[in-house]
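Protein chains in written order, with the numbering used here: chain A, 869 to 963; chain B, 332 to 816. The structure appears right after this line, and notes come after that.
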């Protein structure tokens, strides 16, 4: 399985990564090699095998629906790159 | 002082032979003198370390504290620490100061009373096997500074091996504790998945990530792992079961121990010099009464391909949180929201992290999910079933940790696949979730060789017991690199 530079551009777009055009070919080559390695999986006989998402086949633990954490809004706002009046700032999205 | 074991340090501190402040200062001086050669620390926290040492001395003077109180440690820079930058060795988090502490930081520092010397270098977001993907530059192996220390916990092992910390925390997603421990003559243990809390440990691949410790002996590792382990309601995958005593059983005889040798771990690809060291260890363990049988883990050759679907898939999802809005690096001068995400991420993440995010995005994308991700999850179960079957016959599985000794810096950086194959013997334990460790078992051309032990679920105490018994009759783990005396 090999990926074309066009496919790399599409994957980078989906992953929200601005692609440096000079690196597109290098990424295409490296990622194709990795997918070739991964391609060995297709030969494995897995009929009737249940997928394993997690080592201990755990189920999500539930806790009582009670307030357990203090409000840390200010601490979280303090580490944001741009905030104003308690809100996160982003470039304008609606004209 | 830096050659004493954790137990000896604890006894000396309680007997007031020296104070925690003196011990901590000793390590801070060594870091200043030796770390410029190694680059093992990203951040040294001298003032905080001395303040914590004073607090530990006060506890000890009141007759309080436990076996670790006053003994300093290094923290891998993947664990969140309030008031101190947590970078994960990424430009993305170069200025990030966490608003909370990881659970293991609370346990080891606030509760056990260990002063933190600083935050240790690593591969960026723990993605790497050589510690060359760090935004802060590569870490050098103290046994030969032209070689890699292994990764991703390269800073943790370089610091402990060179005596720049008595012990260090580390994490292991596909071998990131065991492979670097092997390459630097240390004892490193990755416990059962869920044994140590992941709260405050920056996520890479959540179903594989597990924290552990690198130390100079199994006994040192046992004491620190004991203090780190345990149920944590803040981690939804934390194991809700009591932690065994890891220290008391160290002295047990291993007479009658049943050891499995997986034939796939001794096949083509294993260096002959490494093989000779492993054979030597087998002979020593036989003298201690262990019995050996050949076993088979037939699906283990598929563990690397399985990992390079599962881990990038989980990483691409986990790292989606870095958006330049709430924390972390934000690109300047961007006028559209979409560009803010993609430019901040392109500037903040290094090439290996970007590669893995792209692989993960691809294998999870429409039309490829079944062929890659679902198939990998099925093969993961086959790998897990192999272990379950083998552990019906044997108590522990033994093999090499890595195919060869430490390689030269820069020798594999252009070839991701050859870098990934470093973890061929370590990845299966993460996929299955079982505990595994590496311990020193000899040298090839003056470079350390690691022996890997894998155990059944929850059998950390047994692994440490076997390792400790081996270390009672061998001296490999007592060897230190030249030039760091």
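Built from N, CA and C at the ideal position, the CB exists for glycine as well.
For residue i, the first and last residue of its enclosing alpha helix (DSSP H)
| i | result |
| --- | --- |
| residue 351 of chain B | 351 to 369 |
| residue 760 of chain B | 758 to 763 |
| residue 647 of chain B | 634 to 649 |
| residue 906 of chain A | 892 to 906 |
| residue 672 of chain B | 668 to 679 |
| residue 692 of chain B | 682 to 694 |
| residue 708 of chain B | 706 to 721 |
Alpha-carbon spacing of residue i relative to residue j, whole angstroms
| i | j | result |
| --- | --- | --- |
| residue 712 of chain B | residue 917 of chain A | 7 angstroms |
| residue 805 of chain B | residue 593 of chain B | 24 angstroms |
| residue 443 of chain B | residue 940 of chain A | 26 angstroms |
| residue 356 of chain B | residue 333 of chain B | 11 angstroms |
| residue 898 of chain A | residue 531 of chain B | 32 angstroms |
| residue 657 of chain B | residue 663 of chain B | 15 angstroms |
| residue 701 of chain B | residue 707 of chain B | 9 angstroms |
| residue 446 of chain B | residue 683 of chain B | 33 angstroms |
| residue 559 of chain B | residue 527 of chain B | 6 angstroms |
| residue 891 of chain A | residue 873 of chain A | 10 angstroms |
| residue 595 of chain B | residue 627 of chain B | 7 angstroms |
| residue 773 of chain B | residue 815 of chain B | 20 angstroms |
| residue 372 of chain B | residue 411 of chain B | 15 angstroms |
Buried versus exposed call for residue i [16 or more other C-beta atoms within 10 Å across all chains shown]
| i | result |
| --- | --- |
| residue 660 of chain B | buried |
| residue 524 of chain B | buried |
| residue 870 of chain A | exposed |
| residue 959 of chain A | exposed |
| residue 770 of chain B | buried |
| residue 888 of chain A | exposed |
| residue 698 of chain B | exposed |
| residue 473 of chain B | buried |
| residue 617 of chain B | exposed |
| residue 518 of chain B | buried |
| residue 961 of chain A | exposed |
CB-CB length for residue i against residue j, believed under 8 angstroms
| i | j | result |
| --- | --- | --- |
| residue 946 of chain A | residue 689 of chain B | Actually they are not in contact, since the Cβ atoms of residue 946 of chain A and residue 689 of chain B sit about 33 angstroms apart, beyond 8 angstroms. |
| residue 467 of chain B | residue 420 of chain B | 6 angstroms |
| residue 748 of chain B | residue 905 of chain A | 5 angstroms |
| residue 646 of chain B | residue 687 of chain B | 5 angstroms |
| residue 765 of chain B | residue 786 of chain B | 6 angstroms |
| residue 717 of chain B | residue 631 of chain B | 7 angstroms |
| residue 894 of chain A | residue 538 of chain B | Not confirmed; about 30 angstroms, so no contact. |
| residue 557 of chain B | residue 570 of chain B | The Cβ separation is near 15 angstroms, so there is no contact. |
| residue 633 of chain B | residue 710 of chain B | 5 angstroms |
| residue 450 of chain B | residue 406 of chain B | 6 angstroms |
| residue 484 of chain B | residue 522 of chain B | Not a contact, Cβ separation roughly 14 angstroms. |
| residue 546 of chain B | residue 529 of chain B | Contact flag wrong, Cβ pair sits at about 21 angstroms. |
| residue 743 of chain B | residue 461 of chain B | 7 angstroms |
| residue 800 of chain B | residue 585 of chain B | 5 angstroms |
| residue 644 of chain B | residue 715 of chain B | Contact flag wrong, Cβ pair sits at about 18 angstroms. |
| residue 779 of chain B | residue 516 of chain B | 4 angstroms |
Residue i CB to nearest heavy atom of the ligand NAD below 6 angstroms
| i | result |
| --- | --- |
| residue 885 of chain A | Inclusion of the ligand NAD in the displayed structure is not the case, the ligand content being empty and no account of it being possible. |
First and last residue of the uninterrupted beta strand (DSSP E) at residue i
| i | result |
| --- | --- |
| residue 622 of chain B | 622 to 626 |
| residue 699 of chain B | Segment: none, residue 699 of chain B is in no beta strand (DSSP E) and carries neither H nor E. |
| residue 542 of chain B | 541 to 546 |
| residue 501 of chain B | 499 to 503 |
| residue 802 of chain B | Here residue 802 of chain B belongs to no beta strand (DSSP E); instead the alpha helix (DSSP H) covers 791 to 804. |
| residue 589 of chain B | 589 to 593 |
| residue 429 of chain B | Counting along the chain, residue 429 of chain B falls outside any beta strand (DSSP E), and DSSP gives it neither H nor E. |
Handout entry: chain B contacts from the segment 898 to 910 of chain A (Cβ-Cβ distance under 9 angstroms)
Key = 898, 899, 901, 902, 903, 904, 905, 906, 907, 908, 909 and 910
Exercise for the section: Return the residues of the segment 426 to 452 of chain B that lie within a Cβ-Cβ distance of less than 9 angstroms from chain A, sorted by chain order. Expected result: Contacts with chain A (Cβ-Cβ distance below 9 angstroms) from the segment 426 to 452 of chain B involve 426, 427, 428, 429, 430 and 431, listed in chain order.
Handout entry: Members of the segment 489 to 520 of chain B that neighbour chain A once the beta carbon cut-off is set at 8 angstroms
Key = none
Handout entry: the segment 916 to 948 of chain A: positions lying closer than 8 angstroms to chain B by Cβ
Key = Contact residues of the segment 916 to 948 of chain A toward chain B are 917, 918, 919, 920, 921, 922, 923, 924, 926, 928, 929, 931, 940, 943, 944, 946, 947 and 948 (C-beta to C-beta distance below 8 angstroms).
Problem - Chain-ordered residues of the segment 649 to 679 of chain B with a beta carbon less than 7 angstroms from chain A - result: Using a CB distance below 7 angstroms, the part of the segment 649 to 679 of chain B facing chain A consists of 655, 656, 657, 658, 661, 665, 666, 667, 668, 671, 672, 673, 674, 676 and 677, ordered along the chain.
Problem - Interfacial residues, the segment 636 to 649 of chain B to chain A, with Cβ spacing under 7 angstroms - result: 636, 637, 639, 640 and 647
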